[in-house]
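To keep things clear, I will list the structure first and then write my remarks on it.
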Amino acid sequence: EAEVAQSPRYKITEKSQAVAFWCDPISGHATLYWYRQILGQGPELLVQFQDESVVDDSQLPKDRFSAERLKGVDSTLKIQPAELGDSAMYLCASSFSQGVSSETQYFGPGTRLLVL
Amino acid sequence: DQQVKQNSPSLSVQEGRISILNCDYTNSMFDYFLWYKKYPAEGPTFLISISSIKDKNEDGRFTVFLNKSAKHLSLHIVPSQPGDSAVYFCAASKGGTGANNLFFGTGTRLTVIP
């Protein structure tokens, strides 16, 4: 069964350092999402791509976060510099298309980030 | 402002009994609702969904009910099994073109006692 791949699974870093997360969506899925899940809360969208274009990044803290999907396939989310409050689970999801609310999103295993 | 709410952080049920997880939403523009199941250290796994044009959707042991007038949905698991123990998230999305990101509740931790 096709799955969304993410790496690394766990990352420990010190504050002010740079971190990067990678996501490979299900093959053929045009839409890719990055969510952040803080402990005890539900996931919240950071950025959404349709192919290589950003559809929604309104909740992305652009002073320190950046995301790219250069070839419209895999994607990288970067934080520089990391802050203590960035400690969370970073989830990547993909769906076949976007603009249709009934499209099911499939999630990867996530990257657990701990900032010390 | 939390647009999707799960007011019960936890629920314990005996094996074989029914589990009922509840979810409320505030945005009347939501037209598609999903339930995800999440185990520790894993990403959410899609469980079942329902369109706003329906009031019930069933898949094996899982049934989702939607009450649009009350802006309320529930997930029924019958019979509950120990393997169902996980955190369950309710999510909703809006119709129309453009971004269709999911709005999640805070989750309900279900424990099924053998």
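Residue numbers (the working numbering), protein chains in the order written: chain A, 855 to 970; chain B, 776 to 889. Yeah, the Cβ is synthetic: ideal placement off N, Cα and C, and Gly gets one too. These numbers were taken from a predicted model, which means no experiment stands behind them.
**Asked** Expressed to the nearest angstrom, what Euclidean distance is found between the alpha-carbon atoms of Leu938 (chain A) and Ala872 (chain A)?
**Response** Here the question's residue 938 (chain A) lines up with position 84 in the first sequence. Here the question's residue 872 (chain A) lines up with position 18 in the first sequence. Spanning the two alpha carbons is a distance of roughly 12 Å.
Would you mind stating whether Phe808 (chain B) and Ala861 (chain B) have Cβ atoms separated by less than 9 Å? As a position in the second sequence, residue 808 (chain B) is number 33, starting the count at 1. As a position in the second sequence, residue 861 (chain B) is number 86, starting the count at 1. Note that the C-beta distance between Phe808 (chain B) and Ala861 (chain B) is not below 9 Å.
Practice prompt. Indicate the three-state DSSP secondary structure (helix, strand or coil) for Leu786 (chain B) in the structure shown.
Written response: The residue given as residue 786 (chain B) occupies position 11 in the second sequence. Look at Leu786 (chain B) here: in three-state DSSP terms it is strand.
- Among B:His851, B:Pro815 and B:Pro889, which residue has its Cα nearest to the Cα of Ser824 (chain B)? Here the question's residue 824 (chain B) lines up with position 49 in the second sequence. The shortest Cα separation from Ser824 (chain B) among B:His851, B:Pro815 and B:Pro889 belongs to B:His851.
Quick one: is Pro897 (chain A) buried, meaning 16 or more other Cβ sit within 10 Å of its Cβ, or exposed? Mapped onto the first sequence, residue 897 (chain A) falls at position 43. By the neighbour-count rule (16 or more Cβ atoms within 10 Å), Pro897 (chain A) is buried.
For this session: List the DSSP bridge partners of Asn876 (chain B).
Result: The count along the second sequence starts at 1 and reaches residue 876 (chain B) at position 101. Assignment of beta-bridge partners to Asn876 (chain B) by DSSP yields no partner.
What are the start and end residues of the beta strand (DSSP E) that includes Ile852 (chain B)?
As a position in the second sequence, residue 852 (chain B) is number 77, starting the count at 1. His847 to Ile852 is the span of the beta strand (DSSP E), which, as asked, contains Ile852 (chain B).
Quick check: the stretch 793 to 810 of chain B against the stretch 874 to 892 of chain A, are there 3 or more CB pairs under 8 Å?
-> No contact exists between the stretch 793 to 810 of chain B and the stretch 874 to 892 of chain A.
For Pro897 (chain A), go through chain B and note every residue whose CB falls closer than 8 Å to its CB, in chain order.
Numbered from its first residue, the first sequence carries residue 897 (chain A) at position 43. Residues of chain B passing the Cβ test: Pro819, Phe864, Leu877 and Phe879.
Original post:
How big is the Cα-Cα spacing for Asp910 (chain A) and Gly926 (chain A)?
Top reply: Locating residue 910 (chain A) in the first sequence gives position 56, counting from the first residue. Locating residue 926 (chain A) in the first sequence gives position 72, counting from the first residue. Rounded to whole angstroms, Asp910 (chain A) to Gly926 (chain A) spans 15 Å at the Cα level.
- Task: Give a yes or no on whether the minimum CB-CB distance between Asp928 (chain A) and chain B is below 9 Å.
- Result: On the first sequence, residue 928 (chain A) is found 74 positions in, with the first residue counted as 1. Closer than 9 Å: no.
In chain order, what residues of the same chain have a beta carbon less than 8 Å from the beta carbon of Pro784 (chain B), not counting five sequence neighbours either side?
-> Here residue 784 (chain B) is taken as the residue at index 9 of the second sequence, counted from 1. So the list reads Thr881, Gly882, Thr883 and Arg884, once near-sequence residues are dropped.
Checklist entry - Quick one: what's got a C-beta closer than 6 Å to Cys798 (chain B)'s C-beta in the same chain, skipping five residues either side? => result Reading the second sequence from its first residue, position 23 is the one you call residue 798 (chain B). Listed in chain order, the non-local C-beta contacts of Cys798 (chain B) below 6 Å within the same chain comprise Gln781, Leu848, Cys865 and Gly880, local neighbours out to five positions each way being set aside.
- Message: According to DSSP, is Asp910 (chain A) part of a helix, a strand, or is it coil?
- Response: The residue given as residue 910 (chain A) occupies position 56 in the first sequence. Looking at Asp910 (chain A) - three-state DSSP - the assignment turns out to be strand.
Practice prompt. State the start and end residues of the unbroken beta strand (DSSP E) segment that holds Thr886 (chain B).
Written response: By one-based count along the second sequence, residue 886 (chain B) stands at place 111. Here the beta strand (DSSP E) through Thr886 (chain B) covers Thr883 to Ile888.
> Counting contacts by CB-CB distance shorter than 9 Å, is Gln902 (chain A) in contact with chain B?
Replying inline: On the first sequence, residue 902 (chain A) is found 48 positions in, with the first residue counted as 1. Answer yes: the Cβ-Cβ gap between Gln902 (chain A) and chain B drops below 9 Å somewhere.
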